[in-house]
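Q: Encoded as structure tokens, here's the structure I'll be asking about.
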Amino acid sequence: MMKILNGENIVDNRFFKRFGSFEVKAIAEAVAGQVYGDESFLVNDLGTLKDAKEDQISFISNQKYLEDFKSSKAGVCLLEEQHLAIKPESMIAIVVANSYEAYAKVATLFYPPQEVESFIADSAVVAKSAKLADGVYIGHNVVIEEDVEIGAGSSIGHNSTILAGVVIGKNTKIAANATISHALIGDNCIIHPGVRIGQDGFGFAPSAKGILKVEQLGRVIVGNDVEIGANTCIDRGAIEDTVIQNGTKIDNLVQVAHNVRIGYSCFIAGQAGIAGSTEIGNGVMIGGQVGFAGHIKIGDRTKIAAQSGVIGELPANSMVGGSPAVPLRQWHRMTAYLKKATTKNES
Amino acid sequence: MMKILNGENIVDNRFFKRFGSFEVKAIAEAVAGQVYGDESFLVNDLGTLKDAKEDQISFISNQKYLEDFKSSKAGVCLLEEQHLAIKPESMIAIVVANSYEAYAKVATLFYPPQEVESFIADSAVVAKSAKLADGVYIGHNVVIEEDVEIGAGSSIGHNSTILAGVVIGKNTKIAANATISHALIGDNCIIHPGVRIGQDGFGFAPSAKGILKVEQLGRVIVGNDVEIGANTCIDRGAIEDTVIQNGTKIDNLVQVAHNVRIGYSCFIAGQAGIAGSTEIGNGVMIGGQVGFAGHIKIGDRTKIAAQSGVIGELPANSMVGGSPAVPLRQWHRMTAYLKKATTKNES
Amino acid sequence: MMKILNGENIVDNRFFKRFGSFEVKAIAEAVAGQVYGDESFLVNDLGTLKDAKEDQISFISNQKYLEDFKSSKAGVCLLEEQHLAIKPESMIAIVVANSYEAYAKVATLFYPPQEVESFIADSAVVAKSAKLADGVYIGHNVVIEEDVEIGAGSSIGHNSTILAGVVIGKNTKIAANATISHALIGDNCIIHPGVRIGQDGFGFAPSAKGILKVEQLGRVIVGNDVEIGANTCIDRGAIEDTVIQNGTKIDNLVQVAHNVRIGYSCFIAGQAGIAGSTEIGNGVMIGGQVGFAGHIKIGDRTKIAAQSGVIGELPANSMVGGSPAVPLRQWHRMTAYLKKATTKNES
């Protein structure tokens with residue numbers, strides 16, 4: 179395949195503009211870390227444990243990469259206490275309480291998110307009644323219908339469609355080729371390409387004359403600091419709203435049906451699906467490809483293993499797995515039991 | 179998060195234009211219901227059991243909302259016989275055979291679907307050979323290629339792409355950012371944003387020289403009154419057609435592979451997937467995240483529980499669950515057996 | 179529903195332009211087959227076993243269609259040795275080693291893939307710094323940002339968005355309404371409509387002050403001869419790249435998370451999902467709706483049954499099924515065991 183190397187650097191400057199170099203001391207201050215080694219050493223870039231050069235900084239967080247850590251040539255590494263003793267001898271360590279959090283900060287130091295450029299493309303179609311705050315970015319071929327409101331510092335990617343009446347807060351980024359209708363969206367959100375928000379929910383009433391479509395008269399309400407992954411779909415409510423509270427992060431290709439209410443600071447991994455009118459509490463962690471039945475309530479801080487099928491209420495702090503989902507420990511026992519029973523049969 | 183209330187009304191007039199107020203008598207006539215209470219009472223809007231005001235109408239259909247019903251302040255409620263005795267005293271009841279069907283009708287009374295505006299955007303690119311009937315709506319930046327035909331009253335949402343030769347019937351709505359190719363689509367369909375119809379199926383032939391792509395020479399045939407959810411994908415046939423018959427409703431993020439044939443009036447919930455050449459009968463109900471193997475036949479009126487994996491033929495009227503799918507009762511027994519066996523082990 | 183017949187032909191000339199008729203002899207040469215019957219017979223088109231006319235050629239590959247084969251009216255049929263004795267008497271046979279491969283070649287003979295037209299739409303927005311090779315096709319309303327490079331013979335479908343710095347090789351086809359960013363894409367690839375490549379991965383670090391977004395500084399590297407299905411999402415790496423090697427074919431609605439590495443010539447069926455940093459070997463076959471945990475390695479030539487949940491490493495040549503996935507035979511035993519246990523209970 180094509181040549182994919184970037185010369186000396188791991189981060190490709192075609193796509194990302196680097197700031198600094200930074201002294202170890204400055205980095206340590208940014209992450210409230212303690213330095214073991216030369217504080218004046220100059221760090222030029224980020225790198226992985228495996229590929230970082232001597233003038234680059236890496237981090238160790240996941241134990242799976244311990245071998246890479248031990249043989250890493252990174253000049254500097256963000257790490258937690260327990261890894262200090264086993265670091266390569268020449269490596270400068272910055273010891274922190276949470277190395278992944280520290281890495282996130284250092285990544286932003288070297289590669290701060292791009293400022294939104296104030297720009298309205300000539301090819302964009304913006305209704306006269308739309309209210310665009312100063313400093314918005316409206317990409318090429320964007321369509322913005324009547325009465326839309328977009329707050330300062332927000333951006334709409336090329337070829338996206340914002341239908342009548344939608345309200346978008348400040349510093350929210352809508353990526354390219356997305357469609358938003360019947361929605362109020364907060365501040366500091368990131369909506370990835372191909373997201374569909376606000377279309378009709380899947381509501382039908384059987385009748386003697388066939389299937390009646392039920393008019394979908396609700397909205398989608400998205401709080402602040404919400405991230406919604408590529409090609410994810412969020413239907414508007416039937417009459418109540420579909421709601422996603424502040425700080426919740428949703429991955430790609432997720433289905434959120436009408437009237438669903440998702441609490442604060444949840445994580446929803448790729449291809450999960452939530453059926454109509456289900457309520458997800460706060461701080462809930464949902465694995466990939468999980469499915470929820472409709473009209474159920476999921477308690478705060480519940481953790482749901484990937485591919486689970488949740489068909490009933492779950493109290494707060496539950497940990498469940500399997501389809502239908504059961505307490506996680508029981509799910510492990512069920513799997514082990516079946517394995518044992520059928521391994522015996524084999525001999 | 180942002181303020182999300184709409185003042186007195188539940189339905190947001192940013193997005194939906196209300197018709198009427200209506201007298202209870204007029205509403206009862208529209209739904210063939212019997213009134214218990216003041217027939218001349220004026221209803222101003224719709225509401226949920228929980229939030230409706232005195233001048234609003236609600237409905238009780240799902241038993242899960244019985245408590246909300248008993249304490250509801252809705253002035254009027256659509257309900258079935260069995261709930262009449264337990265209604266709040268001051269509530270005017272309209273008794274009907276099917277309260278959800280009645281609600282669907284009342285919703286359309288207050289909020290009739292918007293008429294399609296006759297409009298062709300300047301920014302739309304329409305091939306000279308395309309035949310657009312009178313009264314179509316062609317949104318901004320829409321691309322319509324050669325020989326496309328679009329029937330009267332149909333609309334194509336902004337930024338959508340209709341490739342060469344596609345035929346779309348009357349009163350069919352294609353939403354924004356969709357892509358349609360190699361397809362004949364009937365009347366009164368609703369195609370939601372981001373839908374992909376008519377792209378190549380996943381057809382490859384292994385060969386001594388590597389993997390050969392098999393040219394996909396079929397089409398997608400969509401009947402009348404079909405609804406296709408956001409970001410759903412329907413591949414065209416390999417040589418036979420992929421077919422979706424009249425009245426079938428498909429939810430978001432569903433995968434329909436090449437040569438699949440889906441019968442009349444099926445319901446297919448979100449994220450279900452149907453592998454190549456499988457035939458689904460009429461009136462089949464498919465839960466969310468269900469998967470079907472290829473080259474199998476599913477009998478009429480079959481019901482398939484969410485997350486099931488269907489790997490073999492199913493006779494008409496089957497009810498199945500599990501992966502691989504078994505008769506629903508057996509699936510429940512399998513789950514119960516395993517739970518019991520592993521609960522015992524725990525004590 | 180609407181009339182869907184094409185008169186005499188099965189392949190619809192609205193959508194596909196037929197080349198030739200071809201003599202049996204010419205076809206047999208193209209597929210290195212041996213003719214049983216009249217070599218000078220003229221074949222006008224392709225057809226299915228069930229619907230082909232006397233002047234058409236069909237093929238038998240899947241045993242499920244044996245009855246259709248025995249009663250087929252196709253004048254000519256591509257078949258393998260074992261079916262020669264049971265062919266309809268009047269049918270001319272072309273015996274080949276691999277009838278599906280032969281069909282693929284004959285389909286390309288009658289319906290060769292369309293040549294890319296050299297064209298740049300007036301409505302396309304192409305940055306001055308973009309380098310477009312001669313003979314590219316840039317569709318209507320396409321947006322091509324700064325420093326993009328597109329190789330000779332490649333095409334970008336209408337309403338697609340190619341963000342800054344992306345490199346696309348030769349003879350690669352990007353369909354309509356797609357979004358590509360932070361990616362290097364090879365030659366001879368097919369990227370279907372609605373595909374999202376290069377958006378941020380799902381990377382967050384919990385912190386005392388809430389959830390920190392981790393800047394996603396990697397790329398997506400796609401080799402040559404890769405096919406990526408409609409509405410599939412491939413996130414860019416966190417710092418390493420997300421990589422898809424030459425010859426891999428990915429179906430619709432698949433999720434590929436950040437840092438995933440997929441080897442050569444894999445097949446990934448619809449709605450499969452691969453969590454972050456997982457490495458898939460070469461020649462791996464992945465069924466529909468399969469899920470992979472993150473940070474695991476899957477050996478070469480592994481086969482994974484549909485809907486499986488793979489949570490650990492798999493050695494080369496594994497065959498697994500179930501969720502969590504176990505060796506395929508054991509999975510069958512587990513299912514059989516449970517069925518037997520619960521069938522007994524029923525009697």
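Residue numbers (our numbering), protein chains in the order written: chain A, 179 to 525; chain B, 179 to 525; chain C, 179 to 525. C-beta: ideal position from N, C-alpha, C; glycine also.
(1) Using a Cβ-Cβ distance under 7 Å, would C:V392 count as near chain A?
(2) Thinking just about the alpha-carbon of each residue, which of A:I340, A:V320, A:V321, A:V345 is nearest to the one in A:A330?
(3) Ignore the nearest five residues each way along the sequence and tell me which others in A:A494's own chain have a CB closer than 8 Å to its CB.
(4) Going by DSSP, what residue range makes up the alpha helix (DSSP H) through C:L287?
(5) Below 6 Å CB to CB, which residues in the same chain sit around C:A559 once its five sequence neighbours on both sides are set aside?
(6) For A:I182, which of helix, strand or coil comes out of DSSP?
(7) Taking the alpha-carbon positions, what's the A:L227 to C:Q394 distance?
(8) Between the C-alpha atoms of A:L183 and A:N191, what's the straight-line distance to the nearest angstrom?
(9) How is the beta strand (DSSP E) around A:I205 delimited, first residue to last?
(10) Would C:H360 count as contacting chain A if we go by Cβ distances under 7 Å?
(11) Determine, using beta carbons only, whether A:R397 comes closer than 7 Å to chain B.
(12) Return helix, strand or coil for B:A519, following the three-state DSSP convention.
(13) Can you find the residues in the same chain that come closer than 6 Å, C-beta to C-beta, to C:G425, ignoring five residues on each side of it along the sequence?
(14) Take the Cβ of C:I264 as the centre, count every other Cβ of all protein chains shown within 10 Å, and call the residue buried at 16 or more, exposed below.
(15) Whole angstroms are fine: how far does the CA of C:A519 sit from the CA of C:S525?
(16) Who are the near neighbours of B:V320 in its chain, counting only those whose CB is closer than 6 Å to its CB and skipping five residues on each side?
(17) Looking at chain A, which residues of the region 489–512 of chain C have a Cβ within less than 7 Å of any of its Cβ atoms?
(18) Could you check what DSSP says for C:K481 in three-state terms: helix, strand or coil?
(19) Could you tell me whether any Cβ in chain B is nearer than 7 Å to the Cβ of A:Y315?
(20) Thinking just about the alpha-carbon of each residue, which of B:E207, B:D216, B:Q212, B:N222 is nearest to the one in B:G198?
(21) State the DSSP-derived secondary structure class of C:D223, mapped to helix, strand or coil.
(22) Please classify B:F380 as buried or exposed, where buried requires at least 16 neighbouring CB atoms within 10 angstroms.
(23) Going along chain B, which residues have a C-beta under 7 Å from C:I188?
(24) Alpha carbon to alpha carbon, how far is C:S385 from A:S218? Give it in angstroms, no decimals.
(25) Once the 5 residues before and after B:V468 are set aside, which same chain residues still bring their CB inside 6 Å of it?
(26) Confirm, please, whether the CB-CB distance from C:G472 to C:A453 is below 7 Å.
(27) Return the CA-CA distance between B:L257 and A:I412, expressed in angstroms with no decimal places.
(28) Sort A:I340, A:E201, A:V432, A:V294 by Cα distance to A:I304 and report the nearest one.
(29) Counting only beta-carbon atoms, is B:G343 nearer than 7 Å to chain C?
(30) Under 8 Å by Cβ, that's how I've got B:Y281 and B:E295 pegged, so tell me the actual separation to the nearest angstrom.
(31) Just confirm the distance between the C-beta atoms of C:A299 and C:D325, as a whole number of angstroms; I'd bet it's less than 8 Å.
(32) Starting from the Cα of C:G313, find the closest Cα among C:V284, C:T350, C:Y289 and give me that residue.
(33) So with CB distances below 9 Å, who are the chain B contacts of A:H473?
(34) According to DSSP, C:G388 sits in a beta bridge with which residue or residues?
(35) Pull out every residue of the region 259–284 of chain B whose Cβ sits closer than 8 Å to any Cβ of chain A, in chain order.
(36) Which stretch, first to last residue, makes up the beta strand (DSSP E) that contains B:F237?
A: This is what the structure holds:
(1) yes
(2) It is A:V345 whose Cα lies nearest to the Cα of A:A330.
(3) G459, G477, D478, R479, T480
(4) 277–288
(5) What is shown of chain C runs 179 to 525, which leaves residue 559 of chain C out entirely.
(6) Since pLDDT at A:I182 reaches only 44, below the 50 mark, its modelled position is unreliable, and no value is offered.
(7) For A:L227 and C:Q394, the gap between their C-alpha atoms comes out near 16 Å.
(8) Low confidence applies to A:L183: its pLDDT is 43, below 50, so where it sits in the model is not reliable enough to give any reading.
(9) Taken as a continuous stretch (DSSP letters only), A:I205 belongs to no beta strand (DSSP E), being part of the alpha helix (DSSP H) at 202–209.
(10) yes
(11) yes
(12) Under the three-state reduction of DSSP output, B:A519 falls in the helix class.
(13) D403, Y442, S443
(14) So C:I264 counts as exposed.
(15) With a pLDDT of only 40 at C:S525, under 50, the local geometry of the prediction cannot be trusted, and the value read off the model is given with reservation. Straight-line Cα distance between these residues: approximately 11 Å.
(16) A302, I334, S338
(17) S501, P502, V504, Q508, R511, M512
(18) strand
(19) no
(20) B:N222
(21) strand
(22) buried
(23) I417
(24) Cα-Cα distance, rounded: 27 Å.
(25) A450, I482, S486
(26) yes
(27) 30 Å
(28) Reading off the sequence shown, one finds Val at residue 304 of chain A, where the question assumed Ile. If we check each option's Cα against that of A:V304, A:I340 comes out closest.
(29) Taking Cβ atoms only, chain C reaches closer than 7 Å to B:G343, which makes this a yes.
(30) Not really, about 28 Å apart at Cβ, beyond 8 Å.
(31) The C-beta distance from C:A299 to C:D325 rounds to 20 Å, too long to fall under 8 Å, and the pair is not in contact.
(32) C:T350
(33) Within chain B, the residues near A:H473 are N240, K242, Y243.
(34) C:S385, per the DSSP bridge assignment.
(35) N276, Y278, E279, Y281, A282, K283
(36) Residues 234–237.
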